[in-house]
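All remarks here apply to the structure that follows.
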Amino acid sequence: MFFIEQVKTSKVSLPPRTGTVMNSNMLLFALLSLLCWVSPADTGKISFRFTSQHTKPIKPIRMSMVLEAVDDMYFGCNKTMAKTVNKYFERENENEMFQTAWKTAERCTNRKQKENKALGRHHIQAICVYTSSYKDFYKSFNEHVRNDRSRYRPEPAQTSFPFHFMHFWLTSAIQILSDNMNCHTTYRRTNLHFTAKLNHIVRFGFFASSSFKTTLYRFGKKTCFEIKTCSGAFLGNYSYLGTEEEEVLIPPYELFMVAKGPRVEGLSDCEVVIILQSVGVQSNLNCKAVY
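Each residue of the sequence shown is one higher than the one before, counting from 434 in this note's numbering.
Here you go:
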């Protein structure tokens, strides 16, 4: 496990009806109720970039350390992984969703590569895939990132984590674009109900999108976050949407303390505001894909 601690400041009510019609309606209502009752509802999935307004979980999501996350930060093995990660690509490219998303992102990559020189082609393409929202690929990707620690292995024949290639290049891009000498205050809106205990240490455990803007209202107001991130990276024009959302992408391994603070200007419409302050990083799977 790799750990660095850092201290940085900075009903509509219907009238009663009688007779056969009423009995038929009651029967129909009962059947519909039964169907709804037996329909599967997966409320455990929390995979998202920015969160859709249509996601309605039944119970609150408690923020935690997300110990099952794939949180490899490749510290000390980045160059080795860059040379060996291609061995995962052939197998992972058999995943139809990933294959199509990766290929579709080529046009975005070609355009961004001409405009920007800080990142390599695979870095840019990983960002284009993630931020394009193509068939909601990021949802499937983040679901695996959040839950697949036990499936993460160093060889293609051994691992069942399906996104080594994407995970490495997106992580590497964040690390290149972020400047650990500076932290950013960002905001995240969701239509999910989160809870967090004051002074507890937590992680997102997936690639969490945030923004310099407080005004991305379409992503919800159920729970909003003010985040001081020191490992997150401003994607700038590398994002598929350019600088429209002013997106700052936070890696799965960044640690935050749940803090108390004054009312956050720009988030006054939110039902709950959680304040997070970066306190370091923790990578339980550091370099496990290599050694």
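Beta carbons are placed, not taken as given, at the ideal position from N, Cα and C, and that holds for glycine.
None of these values were measured; they are calculated from a predicted model.
| Roughly how many angstroms separate the alpha carbons of V706 and I437, rounded to a whole number? | 27 Å
| Which of helix, strand or coil DSSP assigns to F531 | helix
| field | For T647, the three-state DSSP class (helix, strand or coil) | value | coil
| Between the C-alpha atoms of N521 and V723, what's the straight-line distance to the nearest angstrom? | A quick correction: the sequence has Tyr, not Asn, at residue 521. When rounded, the distance between both Cα atoms is 12 Å.
| said: Quick check: does the Cβ of F570 come within less than 8 Å of any heavy atom belonging to the ligand NAD? | reply: As far as ligands go, the structure on display features none, and thus does not contain the ligand NAD.
| query | Which partner residues of T618 appear in the DSSP bridge assignment? | reply | K661
| request: Output the boundary residues of the alpha helix (DSSP H) element that contains V562. | output: 554 to 565
| Across which residues does DSSP place L389 in a beta bridge pair? | Shown here, the chain extends from 434 to 724; a query on residue 389 therefore has no answer.
| field | Three or more C-beta pairs below 8 Å linking the region 543 to 557 and the region 687 to 696 | value | no
| Does DSSP put T592 in a helix, a strand or coil? | coil
| said: Which residue wins for smallest C-alpha separation from V562, given the options K512, A538, L674? | reply: A538
| field | Top-ranked residue by Cα proximity to R540, from E679, S593, S672, D702 | value | S672
| task | Confirm, please, whether the CB-CB distance from C510 to N719 is below 9 Å. | result | yes
| First and last residue of the beta strand (DSSP E) that includes A515? | That residue, A515, is in no beta strand (DSSP E); its alpha helix (DSSP H) goes 511 to 517.
| request: Assign V578 to one of three DSSP states: helix, strand, or coil. | output: helix
| query | Nearest-angstrom Cα distance between F667 and E659? | reply | 16 Å
| message | Tell me the DSSP secondary structure of R524 in three-state form. | response | helix
| Between which two residues does the alpha helix (DSSP H) containing A502 stretch? | Element bounds for A502: n/a, residue is neither H nor E.
| Terminal residues of the continuous alpha helix (DSSP H) containing A606? | 597 to 610
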